[in-house]
Amino acid sequence: LKKRIGVPFIKKDWYDVKAPGQFTVRLAGKIPVNKTAGTRIASDALKGRIMEVSLADLQRNEGDAHRKIKLRIEDVQGSQVLTNFHGMDLTTDKYRSLVKKWQTLIESTVTTKTADGYLIRLFAIGFTKRRPNQIRKTSYAQSSQV
92 LKKRIGVPFI
102 KKDWYDVKAP
112 GQFTVRLAGK
122 IPVNKTAGTR
132 IASDALKGRI
142 MEVSLADLQR
152 NEGDAHRKIK
162 LRIEDVQGSQ
172 VLTNFHGMDL
182 TTDKYRSLVK
192 KWQTLIESTV
202 TTKTADGYLI
212 RLFAIGFTKR
222 RPNQIRKTSY
232 AQSSQV
């Protein structure tokens, strides 16, 4: 028996992804989805997907290349999908460039609800710093200060 070889992208539809209005570039890219077949509808398969885009691509500013924006697909209109902001993260190389030896890493998390009903979870990251004229090699914080 010979196995039938198929090209998976023949069964795909491509949709344009529109970023929210606060970004300079509205076209964030394209996204594939299986074509509508039987009871499976392509637009339902797209809704709720989360895609990651570099902020440098959305703002045309290479200084923001270390920030990754997560966009959640909310609605499908024709061949375009409308997205909403879902989150922001830093690239791994940026995190690693921030962490240095001989200092303390301080992390904190806060979850809060906005007036319009959205839940926001904020992650803060901080580091201890050497003082001017410091002779000691390390700049550690005490556990009571963290």
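Numbering (my numbering), first residue to last: 92 to 237.
A virtual CB, placed ideally from N, CA and C, is assigned to each residue, including glycine.
With a threshold of 6 Å on Cβ separation, who are the neighbours of D104 within its own chain once the five nearest residues in sequence on each side are excluded? V124, K126, A133
Using DSSP's beta-bridge definition, name the partner residues of P123. W105
Tell me the rounded alpha-carbon separation between T115 and L149. 6 Å
Once the 5 residues before and after A215 are set aside, which same chain residues still bring their CB inside 6 Å of it? S199
Starting from Q168, trace the beta strand (DSSP E) both ways and give me its first and last residue. 158–168
Give the range of the beta strand (DSSP E) segment to which R212 is assigned. 210–218
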